[in-house]
Amino acid sequence: MLLMTLKPWLAISILFFFFISNVIGAFVGINIGTDVTNLPPASDVVALLKARQITHVRLFNADAHMLKALANTSIEVIIGVTNEEVLGIGESPSTAAAWVNRNVAAYMPGTNITAIAVGSEVLTAIPNAAPVLVPAMNYLHKALVASRLNNQVKVSTPQSMDVIAKAFPPSTATFNSSWNSTIFQILQFLRNTNSYYMLNAYPYYEYVHSDGIFPIEYALFQPLSAVKQIVDPNTLFHYVSMFDALVDATYNSIEALNFSDIPVVVTETGWPWAGGSNEPDATKENAETFNNNLIRRVSNDTGPPSQPKIPINTFIYEMFNEDKRPGPISERSWGVFSTNGSDVYTLGLGSSDSISDNSSTAFCVAKPGADENKLQDGINWACGQGRANCSAIQSGQPCYFPDTIQSHASYAYNDYYQRMHSLGGTCDFDGTATMTTQDPSKFYLSNDSRSCDALINMQSSRSCKFTGSSNSGGGVFPPAAFGPIGATSQCSTIRLPVIAYTMVVFLALLILDVNAHFVF
1 MLLMTLKPWL AISILFFFFI SNVIGAFVGI NIGTDVTNLP PASDVVALLK ARQITHVRLF
61 NADAHMLKAL ANTSIEVIIG VTNEEVLGIG ESPSTAAAWV NRNVAAYMPG TNITAIAVGS
121 EVLTAIPNAA PVLVPAMNYL HKALVASRLN NQVKVSTPQS MDVIAKAFPP STATFNSSWN
181 STIFQILQFL RNTNSYYMLN AYPYYEYVHS DGIFPIEYAL FQPLSAVKQI VDPNTLFHYV
241 SMFDALVDAT YNSIEALNFS DIPVVVTETG WPWAGGSNEP DATKENAETF NNNLIRRVSN
301 DTGPPSQPKI PINTFIYEMF NEDKRPGPIS ERSWGVFSTN GSDVYTLGLG SSDSISDNSS
361 TAFCVAKPGA DENKLQDGIN WACGQGRANC SAIQSGQPCY FPDTIQSHAS YAYNDYYQRM
421 HSLGGTCDFD GTATMTTQDP SKFYLSNDSR SCDALINMQS SRSCKFTGSS NSGGGVFPPA
481 AFGPIGATSQ CSTIRLPVIA YTMVVFLALL ILDVNAHFVF
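This is the structure in structure tokens:
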């Protein structure tokens with residue numbers, strides 16, 4: 001009820017993620033921004049997506065490297081027309097056609113592009129482009145029709161909650177009347193093309209701007225006491241989270257313009273994990289609570305109170321911190337992953353099992369080609385101040401061989417990370433470390449340069465085992481250099497297969513009791 005005093009309520013966003021009309025069940029995807037100083041190569045980004053089983057992504061542009069890297073992954077991709085491009089496309093059908101040919105048709109069907117987001121919050125961010133927004137959408141759609149891609153690729157445009165003038169109670173929410181004409185045309189286009197409304201909804205901002213009117217538990221999907229319940233006085237719907245209320249406000253605003261059956265997809269939501277001295281609610285604890293509760297909320301496959309049968313498909317903002325963005329510290333602190341692939345905080349994004357503490361194994365290892373002086377410094381720190389147990393890489397111990405700085409660094413880094421991750425330890429080591437889901441233990445024998453006989457004798461008596469964490473860093477960039485990188489050792493490619501083959505033949509002869517002639 002207290003919501004009445006708020007201005008444009010952030011987002012009524014629940015139809016998370018894509019294609020609500022065609023998908024059974026809801027999904028949580030992620031936004032990938034590019035204002036990042038050390039943005040990993042596209043191949044590494046896609047490796048992280050695959051390792052974390054993230055099936056939907058939204059790009060803010062149509063980056064060629066990302067679109068190529070996403071090919072043959074089945075990951076569903078929303079690509080973006082930037083705000084700078086909207087004006088040109090909205091004034092020229094040929095420009096729209098060229099854009100589709102260059103950024104959509106050229107990559108399909110290998111890359112699973114499912115939608116084009118035309119601009120980002122155009123009506124409130126660049127209102128001068130409002131007159132050409134719907135023409136731009138129409139021209140892009142016609143270009144898709146010409147390429148026979150209109151059934152696979154939908155066109156929409158993300159809007160913020162600022163286009164809604166009165167968000168509470170949700171049952172009487174309406175769009176700002178100054179945008180009615182343009183929004184009416186947008187909704188008409190979405191209905192005619194079987195597309196969906198893209199909503200950017202941030203309970204964080206709604207809570208901060210409410211000046212204490214709302215309890216933070218309401219914004220974080222946490223239980224409310226009996227005296228703090230939020231109820232719509234007209235429908236008597238109970239809103240257990242601000243997120244649900246925002247989504248319903250959007251649905252009712254759409255209905256107020258006499259449109260129905262247009263699903264809402266939340267294209268952006270999240271919580272910053274760091275902020276300045278005047279941003280006390282931007283913390284890792286709150287960000288972890290919000291995003292994990294968001295994932296649980298979306299995963300129950302129900303909609304907001306007014307649309308309970310429509311799942312809430314959602315994209316979390318965002319994959320990496322966009323540290324180049326201007327503004328307060330919180331503006332640069334939304335990323336859920338570090339650029340080395342480790343989690344900023346524990347997050348159950350991806351498979352439903354990943355919220356638990358025993359869902360996957362991740363290792364912290366040395367990066368391929370890292371500077372050896374830095375690696376040695378990393379070993380010294382991990383085994384000293386970092387309190388890693390480095391006894392296994394001492395002479396005569398199971399992990400001493402291969403006797404290389406790269407291999408020893410991988411062991412030391414991983415032991416430190418497994419011990420200290422839960423206490424805030426990271427996998428970085430001055431940029432020489434990265435995360436992987438591949439067990440480094442498996443690479444120790446094959447990368448050793450000693451004789452085959454020595455290795456076989458060693459393997460029979462002892463082996464090097466890396467301790468793995470349970471869902472410690474989340475799915476991560478593979479594969480790093482666990483030991484020296486090169487061709488698989490002679491033992492594994494020649495000697496051991498020959499021994500195995502000989503034993504099989506010998507046993508077969510014994511069983512069959514026949515004479516045979518064979519040549520190795």
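For the sequence shown, full-length UniProt numbering begins at 1 and goes up steadily by one.
Yeah, the Cβ is synthetic: ideal placement off N, Cα and C, and Gly gets one too.
- Take D35, set aside five residues on each side of it, and the residues of its chain with a beta-carbon closer than 6 angstroms to its own are E322, K324, R325, in chain order.
- Non-local beta-carbon contacts of T124 in its own chain, meaning distances under 7 angstroms to residues more than five positions away in sequence, involve S160, D162, V163 in chain order.
- Membership of E76 in the beta strand (DSSP E) is indicated by the continuous run 76-81.
- Going by DSSP, M66 is part of no beta strand (DSSP E) but of the alpha helix (DSSP H) stretching over 64-69.
- Per DSSP, reduced to three states, the secondary structure at I164 is strand.
- Contact between R419 and A392 does not hold, since their C-beta atoms are separated by about 14 angstroms, which reaches or exceeds 8 angstroms.
- For T436, there is no enclosing alpha helix (DSSP H); the enclosing beta strand (DSSP E) has its first and last residue at 433-436.
- Between the alpha carbons of E255 and S43 lies a distance of about 43 angstroms.
- The beta carbon of P308 lies closer than 6 angstroms to those of T302 in the same chain, with the five residues before and after it left out.
- In terms of Cα proximity to A64, the closest of V155, P41, R52 is P41.
- Between T283 and G270, the C-beta gap is not smaller than 9 angstroms, which leaves the two residues out of contact.
- For V240, the secondary structure class from DSSP, reduced to helix, strand or coil, is coil.
- According to the DSSP secondary-structure assignment, R58 is paired through a beta bridge with N31, I78.
- For I312, no alpha helix (DSSP H) segment is defined, and its DSSP state is neither H nor E.
- With a 10 Å radius around the Cβ and a threshold of 16 neighbouring Cβ atoms, R52 comes out buried.
- The continuous beta strand (DSSP E) containing Y197 extends over residues 197-200.
- For V264, the uninterrupted beta strand (DSSP E) segment begins and ends at 264-269.
- For Q159, the three-state secondary structure derived from DSSP is strand.
- Segment contact: the stretch 75-92 against the stretch 113-121, three or more CB-CB distances shorter than 8 angstroms; contact assigned.
- Nearest to C383 by alpha-carbon distance, out of D415, P440, C464, is D415.
- Judged by DSSP in its simplified three-state form, I116 adopts strand.
- Taking one beta carbon from each stretch, the stretch 209-221 and the stretch 180-194 have fewer than 3 pairs nearer than 8 angstroms; the two do not touch.
- Taking the Cα positions, F27 is about 35 angstroms away from D430.
- With distances taken between CA atoms, F259 lies nearest to L190 out of L190, A146, T55.
- Going by C-alpha positions, T432 is about 20 angstroms away from V336.
- Under the three-state reduction of DSSP output, F320 falls in the strand class.
- T174 carries a strand assignment under DSSP once its states are collapsed to helix, strand and coil.
- When DSSP states are grouped into helix, strand and coil, C464 belongs to the coil group.
- Between the C-alpha atoms of M435 and P305 there is a straight-line separation of about 41 angstroms.
- Rounded to whole angstroms, the gap between the alpha carbons of A245 and G369 is 51 angstroms.
- Per DSSP, reduced to three states, the secondary structure at I216 is helical.
- Counting every other CB atom within 10 Å of its CB across the protein chains shown gives D439 a total below 16, marking it as exposed.
- By the 16-neighbour rule on beta-carbons within 10 angstroms, E285 is exposed.
- The beta carbon of A130 sits closer than 8 angstroms to the beta carbons of V122, L123, W179, T182 from its chain, once the five residues preceding and following it are set aside; these are given in chain order.
- If you draw a straight line from the Cα of V231 to the Cα of S171, it comes to about 11 angstroms.
- Under DSSP, V134 forms no beta bridge with any residue.
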